[in-house]
Amino acid sequence: MAPILSIDRVTKYFAGLTALKEVSFDLQPGGIYGLIGPNGAGKTTLLSILAGSIQPTSGTVVFQDRNVTGAKSFAMAQAGIVRTHQVPRPFRALSVLENVEVGVRFGRSQGSAGDLWDARRILEWVGIAHLADAPSVTLSVGDQKRLELARALATRPSLLLCDEVCSGLTEPETASVLRLLRKIQDAGTTILYVEHNLKAIMSVSHHVIVMNFGEKLAEGSPEAVQSDPSVIAAYIGRTA
Amino acid sequence: MNGAGKSGASARPRFAFAVAPLLLLAVLAALPAFSLGPNTVRLLFVTLVWVTISIAWNILGGFGGQVSFGFAVFYGLGAYTAALSVNSGVNSILSLLLAASVAVLASMLVGLPTFRLRGPYFAIATIGVSEAVRVVMTNVSMTGGASGYRIIETRPFHQLEHFYAALALAVVAVAVSMQVRHSKFGLALIAIREDEEAASDLGVNPYRTKLLAHALAAALTGAAGGVFAQYAAFIHPQGVFAFGIGVAILLMPIIGGIGTVWGPVIGAVVYGLIQEELIASFPQLHLLIYGSLLILIVLFEPAGIVGIARQIVPRLRARMEG
Amino acid sequence: MAERHDPDRLLEAEDLDVAYGAIQVVWGVSLHLNRGEVVSMIGPNGAGKTTTLRALAGLIPVRKGRIVFNGCDVTSEPAHERVRHRLCLVPEGRQLWPRMTVEENLLMGAFSPPLRVKAHQNLDRIYQMFPRLAERRRQACGTLSGGEQQVCAIGRGLMAEPLLLLLDEPSLGLAPMLVDQVFQMIGRIAAAGVSILLAAQNANDALLVSRSTYVMETGRVVLEGLSEELRTSDHVRRAYLGVAD
Amino acid sequence: MSAVDLLNLLIAALLQAGVYAAMSVGMTIIYGVMKIVNLAHAGFLMLGAYFVYELYARFHIDPLLGVLLAFPVFFLIGMSVHWVLVRRIPTSDQPTLTSLLLLFGLWLVLQNLGYVVWGNSDRAILTPRTLDVLQIGPISFPTVRLVVFGAALTSLGSLEFVLHKTWFGRAVRALMQNSDAGRIVGVNVERTARVAFGVGIAFAGAAGGLLAMIYSFSPDFGGPFLLRSFVVIVMGGLESFAGVAVGSVILAVVETFCILVLPANYQPAIAFSLLVLALIVLPEGVAGLWNKRRRWA
Numbered sequence: 000m001a002p003i004l005s006i007d008r009v010t011k012y013f014a015g016l017t018a019l020k021e022v023s024f025d026l027q028p029g030g031i032y033g034l035i036g037p038n039g040a041g042k043t044t045l046l047s048i049l050a051g052s053i054q055p056t057s058g059t060v061v062f063q064d065r066n067v068t069g070a071k072s073f074a075m076a077q078a079g080i081v082r083t084h085q086v087p088r089p090f091r092a093l094s095v096l097e098n099v100e101v102g103v104r105f106g107r108s109q110g111s112a113g114d115l116w117d118a119r120r121i122l123e124w125v126g127i128a129h130l131a132d133a134p135s136v137t138l139s140v141g142d143q144k145r146l147e148l149a150r151a152l153a154t155r156p157s158l159l160l161c162d163e164v165c166s167g168l169t170e171p172e173t174a175s176v177l178r179l180l181r182k183i184q185d186a187g188t189t190i191l192y193v194e195h196n197l198k199a200i201m202s203v204s205h206h207v208i209v210m211n212f213g214e215k216l217a218e219g220s221p222e223a224v225q226s227d228p229s230v231i232a233a234y235i236g237r238t239a
Numbered sequence: 000m001n002g003a004g005k006s007g008a009s010a011r012p013r014f015a016f017a018v019a020p021l022l023l024l025a026v027l028a029a030l031p032a033f034s035l036g037p038n039t040v041r042l043l044f045v046t047l048v049w050v051t052i053s054i055a056w057n058i059l060g061g062f063g064g065q066v067s068f069g070f071a072v073f074y075g076l077g078a079y080t081a082a083l084s085v086n087s088g089v090n091s092i093l094s095l096l097l098a099a100s101v102a103v104l105a106s107m108l109v110g111l112p113t114f115r116l117r118g119p120y121f122a123i124a125t126i127g128v129s130e131a132v133r134v135v136m137t138n139v140s141m142t143g144g145a146s147g148y149r150i151i152e153t154r155p156f157h158q159l160e161h162f163y164a165a166l167a168l169a170v171v172a173v174a175v176s177m178q179v180r181h182s183k184f185g186l187a188l189i190a191i192r193e194d195e196e197a198a199s200d201l202g203v204n205p206y207r208t209k210l211l212a213h214a215l216a217a218a219l220t221g222a223a224g225g226v227f228a229q230y231a232a233f234i235h236p237q238g239v240f241a242f243g244i245g246v247a248i249l250l251m252p253i254i255g256g257i258g259t260v261w262g263p264v265i266g267a268v269v270y271g272l273i274q275e276e277l278i279a280s281f282p283q284l285h286l287l288i289y290g291s292l293l294i295l296i297v298l299f300e301p302a303g304i305v306g307i308a309r310q311i312v313p314r315l316r317a318r319m320e321g
Numbered sequence: 000m001a002e003r004h005d006p007d008r009l010l011e012a013e014d015l016d017v018a019y020g021a022i023q024v025v026w027g028v029s030l031h032l033n034r035g036e037v038v039s040m041i042g043p044n045g046a047g048k049t050t051t052l053r054a055l056a057g058l059i060p061v062r063k064g065r066i067v068f069n070g071c072d073v074t075s076e077p078a079h080e081r082v083r084h085r086l087c088l089v090p091e092g093r094q095l096w097p098r099m100t101v102e103e104n105l106l107m108g109a110f111s112p113p114l115r116v117k118a119h120q121n122l123d124r125i126y127q128m129f130p131r132l133a134e135r136r137r138q139a140c141g142t143l144s145g146g147e148q149q150v151c152a153i154g155r156g157l158m159a160e161p162l163l164l165l166l167d168e169p170s171l172g173l174a175p176m177l178v179d180q181v182f183q184m185i186g187r188i189a190a191a192g193v194s195i196l197l198a199a200q201n202a203n204d205a206l207l208v209s210r211s212t213y214v215m216e217t218g219r220v221v222l223e224g225l226s227e228e229l230r231t232s233d234h235v236r237r238a239y240l241g242v243a244d
Numbered sequence: 000m001s002a003v004d005l006l007n008l009l010i011a012a013l014l015q016a017g018v019y020a021a022m023s024v025g026m027t028i029i030y031g032v033m034k035i036v037n038l039a040h041a042g043f044l045m046l047g048a049y050f051v052y053e054l055y056a057r058f059h060i061d062p063l064l065g066v067l068l069a070f071p072v073f074f075l076i077g078m079s080v081h082w083v084l085v086r087r088i089p090t091s092d093q094p095t096l097t098s099l100l101l102l103f104g105l106w107l108v109l110q111n112l113g114y115v116v117w118g119n120s121d122r123a124i125l126t127p128r129t130l131d132v133l134q135i136g137p138i139s140f141p142t143v144r145l146v147v148f149g150a151a152l153t154s155l156g157s158l159e160f161v162l163h164k165t166w167f168g169r170a171v172r173a174l175m176q177n178s179d180a181g182r183i184v185g186v187n188v189e190r191t192a193r194v195a196f197g198v199g200i201a202f203a204g205a206a207g208g209l210l211a212m213i214y215s216f217s218p219d220f221g222g223p224f225l226l227r228s229f230v231v232i233v234m235g236g237l238e239s240f241a242g243v244a245v246g247s248v249i250l251a252v253v254e255t256f257c258i259l260v261l262p263a264n265y266q267p268a269i270a271f272s273l274l275v276l277a278l279i280v281l282p283e284g285v286a287g288l289w290n291k292r293r294r295w296a
């Protein structure tokens, strides 16, 4: 089956510092992919490049057989790649419903009439329908994270980039967000998930990509990656 | 300073909200029948011109959060375009349309380069642009340079004609502002004001949206400049392009209530009153008044008069019912 | 719990809750450290180690809990006052001033008034301890290598004659060979009588250099004990790689 | 255009650059430490001009001495403005519209103060020195510009000394590059910011006095110079003082040599177009470059 996304030798320099060095991998449609690595490994930089928030120095990004390298984030969203933010960024002056409406009207469907995904339905699906008319600033952290997901889903993405959706959440909240991710995957959306909380990522991903010092260190099933000596060394430090 | 646009269905009954403007419009339209003195009509005329410009600025600055110091450019260009076209035989309505389109063109020229900039840097660039245009216009001989430009009177001057033109334009401006506020375009503008990057991440094209808002705002401001030019029949760069005009256009929506539909209208009325009444008696204090008003609002109530009203009205109603 | 102040108890943090705005990151962390001890804090990144250190240094306010250092309650003191109690932080990512020279960065370490008079005396001491810094003294810090910047950051911390040095991820982003040098340096500093609270993602080296260790996970202390025992514990590996319990 | 004319223009540009540097450094300090774009800078330039003018007109104090006196007086004014107004707005490591509008309001108030106290007729400081010219071979140096250039250099030199040799100076430079790091070594950020704001306004006042020795002035004379300070800062660099010198020279040279091409009354428009150009070529100004370099992980 043709990959939904394939990136080839994506590199990013920031004033002499190599944030990313020749990273390549493919994502098959419908999977949940985990993207892990110690601090400063370049995970967030890579996610920002795929989302169009920043542009790569070199390398190519092909999405659904279209070369989208270097496109800005609004073009990526309209093409079907959308991201959530590590620290929730609600539109403070807008209500929860209006926040989601931005996604509905400006995402891939461009708010075309008769689309199934109207804002209220998405809020129910994500579980914050009861907060529809509340100002978005009054939400708890967990609910703000759900709003981030709802807003992103409103654009009807084929590839959803999750940036640490579970950080700062309590155990029960993490569990319910992970259930939501599986529900999104079942609905046909591929997910690339960056996360510090390894327990969360290992339990939900079917394939994990490990980054270190801006390079791809390893790739494989959660079990394979957890026992890979180079991954353990990168994380835990060389055994004495 | 994020905007203070009221979100969601506000508790106030929608009915009163919709009726109030129509009532106001009826009163204003019928006013001349009460044979008011020319001075009062002049005050109403100037205030209506300010209402249009204040609303226009708010579309870009209030809803979209792009604070510009350079709207005097569109006001001045609109005034000069209208004056030039009237002198070359164009009828007054068409000259207003010409004024608006020249202002839109100018908004593109200014906006294309500067909308890459964010917040304060955009504001500083607009100061630069407006000063540059003011200096150039003072030296353009075609329009009489610094000594100004006169409209040759072909028809007798009827003050009421101009009053109704200003009133019509103000009504158009309010309607446009309401339409924008509750439309997909308005939603995009507010999203950009709140968090431009997050808005772009959801598919909003910030650059194109800001250019569109800039053009819409410039069209209204240019037309208002045209209406004023036809009324004043004599314009000069130090007047229409003055830095003070750029300041006033910025102050009105901020005093009234930035990011709302009615804030800029209230701000324009307050400014009109202060400008005409207070300044007449204390001509040299107007900058002091506006400066301190701006400082007080920025420090204590960024939502302006509308913000203050929103805090007082519920308490008053509670006390009345209580 | 007897409130009697135990003389050689240098740092006592009780039930700290710390948050960035709405997002709470540290939940009820308690830790203590005696004079001259080296204690380490390990855990996967995102476990709240850096946040805890920044709270101890006063960069972020503590929402709940108490911090007692050298006998005085510093919970509500801002960072610039806390350093006067000779509690110094060497921050994650070093946070030097790139366009100031090595010497200026070190001198700033002795910024608080009582230390200024001895600044040059301490400067020579640091230069003897780290000759490489002496060679580079006129160079702007931005031009130093990662390892040299780390040494300079530690030097800046030592300029304040610290009783307790909070070291946040000193080996972050350094090549393995440099990591060993950094940990040897930590040993030398401890031997000179400076107590150290070391936060490191790199568990093995931290367990080697410290007497006792706190293991943190998603903002909580999940395990506490003597470092030798923890070296062999399987829990540490599990806490790190999220292997299902 | 003979070589001598060229040299004369170059000298004139250099002398002009000295004044532009002294005029802009006040803004750089305030922007560097607090990331505040001080629109009220124009107001203090104007007040500085009138301060030196009054000392000369009423008490016959030589303008140079007036400029020297302006430093402490405007330092205190600056500290009180920070205490009354600036400390009330939220701090951030990016310039905010709130600070821009607050200080814009202050500028309007100061400008109006000027009108009320001194009316809007143009004034000038005419001293015996104002007209004579020092002739060295083919090159002529208007003495008053030389004096002003000298005063500008000394004030910049003294600032350079303070910033590099004193504890306060190091603290200011540290805060400009990393304020959190400043906190953990014991820098009281709020107090240092207040003093830095005072120093910034002191330079604005003194530079206003220097400008008054060359140009005639009225209450709104600060505006055009404020914009030139923007140009110098955006082009030269918001974080470093060497940048101010570079920006000043570029502006002065471009302005001086444009006279050959453009009619004189378009000259003010050059600075403004340069400003817009500089802002666009360096989106988000030079600070944008700096931030892009900082945000890498």
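Protein chains in written order, with numbering that gives the first Met the number 0: chain A, 0 to 239; chain B, 0 to 321; chain C, 0 to 244; chain D, 0 to 296. A virtual CB, placed ideally from N, CA and C, is assigned to each residue, including glycine.
Min CB distance residue i to chain D below 8 angstroms
i              : result
V82 (chain C)  : yes
Y120 (chain B) : yes
E300 (chain B) : no
V155 (chain C) : Note that residue 155 (chain C) is Arg in the sequence shown here, rather than Val. Yes - at least one Cβ of chain D is within 8 angstroms of the one on R155 (chain C).
Environment of residue i [buried if 16+ CB atoms lie within 10 Å]
i              : result
Y19 (chain C)  : exposed
F216 (chain D) : buried
S44 (chain B)  : Correcting the residue identity first, residue 44 (chain B) is Phe in this sequence and not Ser. Result: buried.
A151 (chain A) : buried
H157 (chain B) : exposed
Residue i and residue j closer than 8 angstroms at C-beta
i              : j              : result
A40 (chain D)  : L225 (chain D) : Reading the sequence as shown, one finds His at residue 40 (chain D) and not Ala. Closer than 8 angstroms, so yes.
D200 (chain B) : A76 (chain A)  : yes
A131 (chain A) : L122 (chain A) : yes
L166 (chain B) : L27 (chain B)  : yes
R122 (chain D) : Y55 (chain D)  : no
Min CB distance residue i to chain A below 8 angstroms
i             : result
I22 (chain C) : yes
L10 (chain C) : no
Test: residue i CB closer than 8 angstroms to a CB of chain C
i              : result
H129 (chain A) : no
L19 (chain A)  : no
Within chain E, the residues that residue i reaches when beta carbons sit closer than 8 angstroms
i             : result
R87 (chain D) : Among the protein chains in the structure shown, which are A, B, C and D, there is no chain E.
Residues of the region 221-238 of chain D with Cβ closer than 9 angstroms to any Cβ of chain B, in chain order: If the cut-off is 9 angstroms between Cβ atoms, the region 221-238 of chain D has G222, P223, L225, L226, F229, V230, V233 near chain B.
Ordered list of beta strand (DSSP E) runs contained in the region 22-66 of chain A, each at least 3 residues: Listed in chain order, they are 31-35, 57-62.
Chain-ordered residues of the region 94-116 of chain C with a beta carbon less than 9 angstroms from chain D: Residues of the region 94-116 of chain C whose Cβ lies closer than 9 angstroms to any Cβ of chain D, in chain order: Q94, L95, W96, P97, R98, M99, E103, N104, L106, M107, G108, A109, F110, S111, P112, L114, R115.
Complete alpha helix (DSSP H) runs within the region 165-227 of chain C (minimum length 4 residues, chain order): Counting only runs of 4 or more, we get 175-190, 202-208.
Contacting positions in the region 259-292 of chain B - beta carbon closer than 7 angstroms to chain D: Correct list: Q283, L284, L286, L287, Y289, G290, S291.
Ordered list of alpha helix (DSSP H) runs contained in the region 199-234 of chain A, each at least 4 residues: Segments of the alpha helix (DSSP H) lying fully in the region 199-234 of chain A: 221-226.
In chain order, each alpha helix (DSSP H) run of at least 4 residues that lies wholly inside the region 186-245 of chain D: The region 186-245 of chain D contains these whole alpha helix (DSSP H) runs: 188-211, 221-235.
In chain order, each alpha helix (DSSP H) run of at least 4 residues that lies wholly inside the region 20-81 of chain C: Counting only unbroken stretches of 4 or more residues, the alpha helix (DSSP H) elements lying wholly within the region 20-81 of chain C are 48-56, 78-81, in sequence order.
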